[in-house]
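J.: Sending over a structure as structure tokens; questions will come in a sec.
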Ligand code: HEM
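Chains as they are written, first to last, in the working numbering: chain A, 1 to 416; chain B, 1001 to 1251.
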């Protein structure tokens, strides 16, 4: 407890009166206005605030959808169409939400790759990074469950495929599947629980975002040069420079988002989801939303059993494990890449590996969108192998053998 | 880093090109394509006539209410008259009995069959799907529906068709349980438009596009205004940003 004498006397006016008792205004002034920020942040630092705004847009549009949505297998599909046709502005809210999920993932993927390129996960920002990965995980669960709600063919069959993953787990698998579904097949109990969770999880994300920001403000933003900032000359107050820069970024991003919402609202979706769910008719191809495709490719890549000493992991379980591992490995990144230099700008070797990794991720996404036949299987397996080799072989090797460049001391010091 | 953005961007654009063995559709120019596209009300009315006189024998249009027909340019009396020409099942009345009455503008189009099984029984076991969302529920939308309706040809030699199956160039798998529903001269247009298969299929596909998204024009118009507004806003932010940048960075 702070002794009362240390607290400065109240400033004048109502704000001063409140702030003296509840220092919310000085907190905001400190964290949003004066907050000292490296002066060289580039465009890739725009995507954090964009992610926050996307989260708000999803929550607000989602709440309005929930006012008119009915979580019942007999009514869900038509209730969404009723929103589109008969609720004032309903089509706008629904398209904002539907395309918003894709936009949210685009923003977050760029945000993550920014972190990978500039080494933002390195000490002392390991927990900041881990909180980000946790947000990403819950986001994926939220988007998956949201996609089930309109109860079209892809909703139903996507849910069928994904919940079926759990059956791969030995011993408790079947029980776990029934627990997630709430019944033997994906049915009304699944829909109602997914709706409840879909409403809940975004608020868990809000909580994690707050922690993410607390951790961020502890050491401040990393920067394109990845050096620790020691000179006060290298930092500027967040406002007005970065508030304006973020607003410019927001404007450009909103135009990109609007182009989809108003001119191609179904472009990123699958036409089958405009066919009401039918448990008796399996669609020709069950494809997840684009943002899950790389992980879907990893899941399907393992089509062989893996013999261990005492038992074998069957291919289904191995695929599920590989898929979860591909996300969870991100938690351990700060310990897999121990190279002391943060930014790829000063790590020519890592830079190559980074671009290969990004390219490989895109290949995985493409493979995930294709039926698993012919060469696709092999490409998928090679890309999956590369994904894990990147983390478990290349990064540790680079940590050890990549030369450590001499870094500039300040942001203004010219680099050769 | 610019490359990163570009590749991610291109990636998102490339994605919906996934479904593997898709049949190339002939592209038709629609009055409603593009950001400035509009429905042609006369065409929608003709398309409605085709739906009503031909497709409605088998296909429901359950998401459309008679009152929605105002979008096609019908006035209130015309809508009332159209609605009244349909029999709507209602009830129970005070005696506890179901009864039929003439339709009202607030009613939806009635289903041609009492239930799915009856629809299947009447169509060799195949279910004629509801058409309200058809152009959204197939790759290619209106182009697909038009191509499908015009795509009936002789099956190539050696291609086996079961009873009640027809060969269609554009149906996935080429087997369809719907006989070619339209022929030249099948519908009697009153406005002098050609009574050809080509015209019928264009009109009914346009009508179904409207049925799938009656708010499409409103969506695009709002979009143009929103883009303009955000564009201006962004410009103002940008100019402000440049000013501040000069002051902060002295550059
Ligand atoms: C992390 C934030 C969120 C994400 C990523 C997300 C994602 C999604 C997705 C992908 C869909 C399916 C859209 C479609 O294809 O129709 C959906 C539907 C839905 N979401 Fe969300 N959502 C989020 C937050 C929320 C919140 C906070 C609510 C508030 C209750 C909500 C309510 C709904 C409802 C009612 C639907 C069904 C209507 C529809 O399908 O359009 N969502 N969501």
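Backbone N, C-alpha and C fix where the C-beta goes; we use that ideal spot for every residue, glycine too.
Any heavy atom of the ligand MG inside 7 Å of the beta-carbon of residue 199 of chain A?
T.: The ligand MG is not part of this structure, which contains only the ligand HEM.
J.: Taking DSSP as the reference, what is the three-state secondary structure of residue 237 of chain A?
T.: To locate residue 237 of chain A, count along the first chain from 1; it is residue 237. Three-state DSSP puts residue 237 of chain A in a strand.
J.: Does DSSP put residue 1151 of chain B in a helix, a strand or coil?
T.: Taking the second chain and counting its residues from 1, one reaches residue 1151 of chain B at position 151. The answer is coil: DSSP assigns residue 1151 of chain B none of H, G, I, E or B.
J.: Under DSSP, the beta strand (DSSP E) around residue 1088 of chain B begins and ends at which residues?
T.: Stepping through the second chain from its first residue, residue 1088 of chain B is reached at position 88. It spans 1087 to 1090 - the beta strand (DSSP E) in which residue 1088 of chain B sits, taken as one unbroken run.
J.: Among all the DSSP beta bridges, which residues are the ones paired with residue 1102 of chain B?
T.: Taking the first residue of the second chain as 1, we reach residue 1102 of chain B at position 102. Partner(s): B:1087.
J.: Flag this pair as yes or no: are the beta carbons of residue 1143 of chain B and residue 1028 of chain B separated by less than 8 Å?
T.: Taking the first residue of the second chain as 1, we reach residue 1143 of chain B at position 143. Taking the first residue of the second chain as 1, we reach residue 1028 of chain B at position 28. Yes, Cβ-Cβ distance for residue 1143 of chain B and residue 1028 of chain B is below 8 Å.
J.: Would the beta-carbon of residue 298 of chain A fall within 8 Å of that of residue 244 of chain A?
T.: Within the first chain, numbered from 1, the residue matching residue 298 of chain A stands at position 298. Within the first chain, numbered from 1, the residue matching residue 244 of chain A stands at position 244. Taking 8 Å as the Cβ cut-off, residue 298 of chain A and residue 244 of chain A do not qualify as a contacting pair.
J.: Closest by CA to residue 1178 of chain B, which one among B:1074, B:1050 and B:1166?
T.: As a working note, residue 1178 of chain B is residue 178 in the second chain. Comparing Cα positions, the closest option is B:1166.
J.: For residue 120 of chain A, which residues in the same chain have their Cβ closer than 6 Å to its Cβ, ignoring the five residues on either side in sequence?
T.: What you label residue 120 of chain A is simply residue 120 of the first chain in a count that begins at 1. Contacts found: 222.
J.: Report yes or no: do three or more beta-carbon pairs, one from the stretch 140 to 155 of chain A and one from the stretch 188 to 201 of chain A, lie closer than 8 Å?
T.: Contact between the stretch 140 to 155 of chain A and the stretch 188 to 201 of chain A is present, because at least three Cβ pairs lie under 8 Å.
J.: May I ask you to list, following chain order, the residues of the stretch 262 to 275 of chain A that have a beta carbon less than 9 Å from some beta carbon of chain B?
T.: Of all residues in the stretch 262 to 275 of chain A, 262, 263, 265, 266, 267, 268, 269, 270, 271, 272, 273, 274 and 275 have a Cβ within less than 9 Å of some Cβ in chain B.
J.: If contact means a Cβ-Cβ distance below 8 Å, which residues of the stretch 74 to 86 of chain A contact chain B?
T.: The stretch 74 to 86 of chain A vs chain B, Cβ under 8 Å: 78, 81, 84 and 85.
J.: If residue 232 of chain A sits next to residue 33 of chain A, beta carbons under 8 Å apart, how far is it from one beta carbon to the other, in whole angstroms?
T.: Taking the first residue of the first chain as position 1, residue 232 of chain A is located at position 232. Taking the first residue of the first chain as position 1, residue 33 of chain A is located at position 33. Not confirmed; about 17 Å, so no contact.
J.: Under the assumption that residue 404 of chain A contacts residue 341 of chain A (Cβ atoms under 8 Å), give the Cβ distance between them as a whole number of angstroms.
T.: As a first step, residue 404 of chain A is located in the first chain; it is residue number 404 there, counting from the start. As a first step, residue 341 of chain A is located in the first chain; it is residue number 341 there, counting from the start. About 6 Å; that satisfies the 8 Å criterion.
J.: What's the call for residue 505 of chain A, buried or exposed, on a 16-neighbour Cβ count within 10 Å?
T.: Nothing can be reported for residue 505 of chain A: it is not among the residues displayed for chain A, which extend from 1 to 416.
J.: Could you confirm whether any beta carbon from chain A is found closer than 8 Å to the beta carbon of residue 1137 of chain B?
T.: Within the second chain, the letter at position 137 stands for residue 1137 of chain B. Interface residue, yes.
J.: To which residues of the same chain is residue 1017 of chain B closer than 8 Å at the C-beta, ignoring the five residues directly before and after it?
T.: Stepping through the second chain from its first residue, residue 1017 of chain B is reached at position 17. In this prediction, residue 1017 of chain B scores a pLDDT of 46, lower than 50, which makes its location untrustworthy; the coordinate-derived value is nonetheless stated afterwards. Around residue 1017 of chain B: no qualifying Cβ.
J.: Quick one: grab the DSSP three-state call for residue 285 of chain A.
T.: Counting from 1 along the first chain, the entry for residue 285 of chain A is found at position 285. Note: residue 285 of chain A maps to coil in three-state DSSP.
J.: At a Cβ cut of 7 Å, what residues of the stretch 223 to 248 of chain A count as close to chain B, listed as they run along the chain?
T.: Under the 7 Å Cβ criterion, the stretch 223 to 248 of chain A contributes 236, 240, 241, 244, 245, 247 and 248.
J.: When burial is assigned at 16 or more other CB atoms within 10 Å of the CB, is residue 387 of chain A buried or exposed?
T.: For the purposes of this step, residue 387 of chain A is taken as residue 387 along the first chain, with counting starting at 1. Buried: at least 16 other Cβ atoms inside 10 Å.
J.: Three-state secondary structure (DSSP) at residue 10 of chain A?
T.: Here residue 10 of chain A is taken as the residue at index 10 of the first chain, counted from 1. Of the three classes helix, strand and coil, the one that applies to residue 10 of chain A here is coil, per DSSP.
J.: Looking at C-alpha atoms only, which residue of B:1036, B:1037 and B:1046 is the closest neighbour of residue 1198 of chain B?
T.: Taking the first residue of the second chain as 1, we reach residue 1198 of chain B at position 198. The option with the nearest alpha carbon to residue 1198 of chain B is B:1046.
J.: Starting from residue 1237 of chain B, find everything on chain A with Cβ-Cβ shorter than 7 Å and list it in chain order.
T.: Locating residue 1237 of chain B in the second chain gives position 237, where the first residue counts as 1. The contacting residues are 244, 247, 248 and 251.
J.: For residue 80 of chain A, verify whether its CB is less than 7 Å away from any heavy atom of the ligand HEM.
T.: Translated into positions along the first chain, residue 80 of chain A becomes position 80. It does: the Cβ of residue 80 of chain A is within 7 Å (strictly closer) of some heavy atom of the ligand HEM.
J.: Any residues in the stretch 1121 to 1148 of chain B with a beta carbon nearer than 7 Å to a beta carbon of chain A? Which ones, in chain order?
T.: Flagged, chain order: 1133, 1136, 1137, 1138 and 1139.
J.: Can you tell me which of the three DSSP states residue 1067 of chain B falls into?
T.: In the second chain, counting from the first residue as 1, residue 1067 of chain B sits at position 67. Residue state, collapsed to three classes: helix.
J.: Measure the C-alpha to C-alpha separation of residue 1169 of chain B and residue 1097 of chain B and round it to an integer number of angstroms.
T.: Numbered from 1 along the second chain, position 169 holds the residue referred to as residue 1169 of chain B. Numbered from 1 along the second chain, position 97 holds the residue referred to as residue 1097 of chain B. Computed Cα separation, rounded: 48 Å.
J.: For the structure I just gave you, are there three or more beta carbon pairs, one from the stretch 330 to 345 of chain A and one from the stretch 262 to 274 of chain A, closer than 8 Å?
T.: Touching, no.
J.: Taking only runs that begin and end inside the stretch 196 to 278 of chain A, name each unbroken beta strand (DSSP E) of 3 or more residues, in chain order.
T.: 235 to 237, all fully within the stretch 196 to 278 of chain A.
J.: Is any beta-carbon of chain B found at less than 8 Å from that of residue 411 of chain A?
T.: Here residue 411 of chain A refers to the residue found at position 411 of the first chain. Chain B, which has no Cβ nearer than 8 Å to the Cβ of residue 411 of chain A, makes this no.
J.: Would the C-beta of residue 260 of chain A count as close to the ligand HEM, meaning under 7 Å from any of its heavy atoms?
T.: In the first chain, the residue the question calls residue 260 of chain A occupies position 260. No - the ligand HEM has no heavy atom lying nearer than 7 Å to the Cβ of residue 260 of chain A.
J.: Please list the partners that residue 1220 of chain B has in chain A, where partner means a Cβ-to-Cβ separation under 8 Å.
T.: Translated into positions along the second chain, residue 1220 of chain B becomes position 220. Residues of chain A passing the Cβ test: 262 and 263.
J.: So for residue 109 of chain A, helix, strand or coil by DSSP?
T.: Against the first chain, residue 109 of chain A aligns to sequence position 109. Three-state result, residue 109 of chain A: helix.
J.: Does the count of Cβ pairs from the stretch 98 to 113 of chain A and the stretch 46 to 66 of chain A closer than 8 Å reach three?
T.: With the cut-off at 8 Å, the stretch 98 to 113 of chain A and the stretch 46 to 66 of chain A touch.
J.: Compute the minimum distance between the beta carbon of residue 62 of chain A and the heavy atoms of the ligand HEM, and state whether it is under 7 Å.
T.: Numbered from its first residue, the first chain carries residue 62 of chain A at position 62. Yes, Cβ of residue 62 of chain A sits closer than 7 Å to a heavy atom of the ligand HEM.
J.: Using a 10 Å radius around the Cβ and a threshold of 16 neighbouring Cβ atoms, would you call residue 185 of chain A buried or exposed?
T.: Here residue 185 of chain A corresponds to residue number 185 of the first chain, with the count starting at 1. Exposed is the call here.
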